[in-house]
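S.K.: Before I ask anything, let me first share the structure, which is written out below as structure tokens.
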Amino acid sequence: MIRSMEALKENLKKIHERIETACYRSGRKSSDIKLLLATKTVSAERILEALKLGETLIGENRAQELVEKYDALKLVKHRSHFIGNLQSNKINSIIDKVDCIESIDNFRLAERLNRRLAVKGLSMDVFLEVNTSGEDTKIACKPDELFDLAEKVSLLPCLKVRGLMTIGALTDNEKSIRACFELLRNLSEKLKAEKSPNIFMEELSMGMSGDFELAIEEGSTEIRLGSAVFGARK
Ligand SMILES: *Cc1c(COP(=O)(O)O)cnc(C)c1O
72 MIRSMEALKE
82 NLKKIHERIE
92 TACYRSGRKS
102 SDIKLLLATK
112 TVSAERILEA
122 LKLGETLIGE
132 NRAQELVEKY
142 DALKLVKHRS
152 HFIGNLQSNK
162 INSIIDKVDC
172 IESIDNFRLA
182 ERLNRRLAVK
192 GLSMDVFLEV
202 NTSGEDTKIA
212 CKPDELFDLA
222 EKVSLLPCLK
232 VRGLMTIGAL
242 TDNEKSIRAC
252 FELLRNLSEK
262 LKAEKSPNIF
272 MEELSMGMSG
282 DFELAIEEGS
292 TEIRLGSAVF
302 GARK
């Protein structure tokens with residue numbers, strides 16, 4: 072974990088340069104790529120420093136951690152996504168504290184979320200999380216189940232499906248990682264072509280500290296970085 076604000080500033084500067092370079096290589100605009108800071112295990116103080124350095128989007132993995140940091144973080148304007156495995160019994164604790172839930176991977180969860188939102192008169196942006204690597208350690212929707220999930224979720228009035236999310240294969244093999252991102256992009260294009268109500272395929276959330284340049288080359292609109300920003304986690 073890094074200690075000083077100087078080091079954080081330096082890390083962010085390097086990351087933004089790498090985003091620029093990856094965009095240049097692939098003929099894209101860096102303004103089309105959002106940087107989400109993956110803040111699991113990072114203190115609220117440190118996250119506030121990153122926000123003060125100009126970052127605007129953060130993502131937590133655990134409901135409890137999100138709730139613990141919420142009061143401290145709300146002092147500085149930012150957007151907050153939930154990116155972890157969400158248990159149904161935690162929905163209520165985060166429902167009015169996040170702008171988007173990126174990890175919707177089954178209809179039961181979507182339905183419960185919709186019901187809680189309806190009670191509160193709220194609506195929520197969500198991404199559908201797809202397991203593009205085939206690694207069975209990952210809890211996420213299988214590619215061939217995505218269309219069914221999307222169709223059902225599109226009928227839930229309080230959810231707006233804004234995009235797809237994936238975690239690339241955990242390997243050094245560039246080809247395998249790239250194939251994951253390419254698959255997510257193809258799935259998104261197919262869903263877009265179906266023109267379902269409530270399905271807006273605007274975002275592709277893919278790319279982490281070890282593979283974000285590949286993700287940008289494959290069309291990512293949002294990269295989720297933790298260790299590259301804040302240093303290695305314990
Ligand atoms: C932790 C995490 C990240 C960031 O991982 P790094 O390798 O530290 O950049 C991104 N997405 C999700 C869903 C995560 O859990």
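Just so you know, our numbering puts 127 at position 56 of the sequence shown, and the rest follows in order with no gaps. Every residue, glycine too, gets a C-beta built ideally from N, C-alpha and C. Quick caveat: nothing in here was measured; it's all calculated off a predicted structure.
1) Nearest to V197 by CA position, among L188, R179, I175, is which residue?
2) By DSSP, does I210 sit in helix, in strand, or in coil?
3) Looking at C-alpha atoms only, which residue of E289, K305, M279, K263 is the closest neighbour of L106?
4) Can you say whether E77 is buried or exposed, counting buried as having 16 or more other CB atoms within 10 angstroms of its CB?
5) Regarding I165 and ligand 1, is the C-beta to nearest heavy atom distance less than 7 Å?
6) Could you check if R295 belongs to the surroundings of ligand 1, using beta carbon to heavy atom distance under 7 Å?
7) Mind checking whether F173 and S298 have CB atoms under 8 Å apart?
8) Between the stretch 231-242 and the stretch 200-218, do three or more beta carbon pairs fall short of 8 Å?
9) Specify the secondary structure class of R150 as computed by DSSP and reduced to three states.
10) Comparing the CB of S114 with every heavy atom of ligand 3, is any distance shorter than 7 Å?
11) What distance in whole Å lies between the Cβ atoms of K111 and E131, which are believed to be in contact at a cut-off of 8 Å?
12) Identify every run of the alpha helix (DSSP H) within the stretch 207-285, keeping only runs that are complete inside it and at least 4 residues long; order them along the chain.
13) Along the beta strand (DSSP E) that carries R96, what are the first and last residues, could you check?
14) Give the straight-line distance between the Cα atoms of E284 and G98, rounded to the nearest whole angstrom.
M.R.: Let me lay it out:
1) I175
2) coil
3) M279
4) exposed
5) no
6) yes
7) It should be pointed out that residue 173 corresponds to Glu in this sequence rather than to Phe. No, these two residues do not count as a Cβ contact at 8 Å.
8) yes
9) strand
10) Because ligand 3 does not appear in the structure shown, any question about it cannot be addressed here, the ligands present being ligand 1.
11) 6 Å
12) 217-224, 245-265
13) No beta strand (DSSP E) holds R96; the alpha helix (DSSP H) holding it covers 76-96.
14) 13 Å
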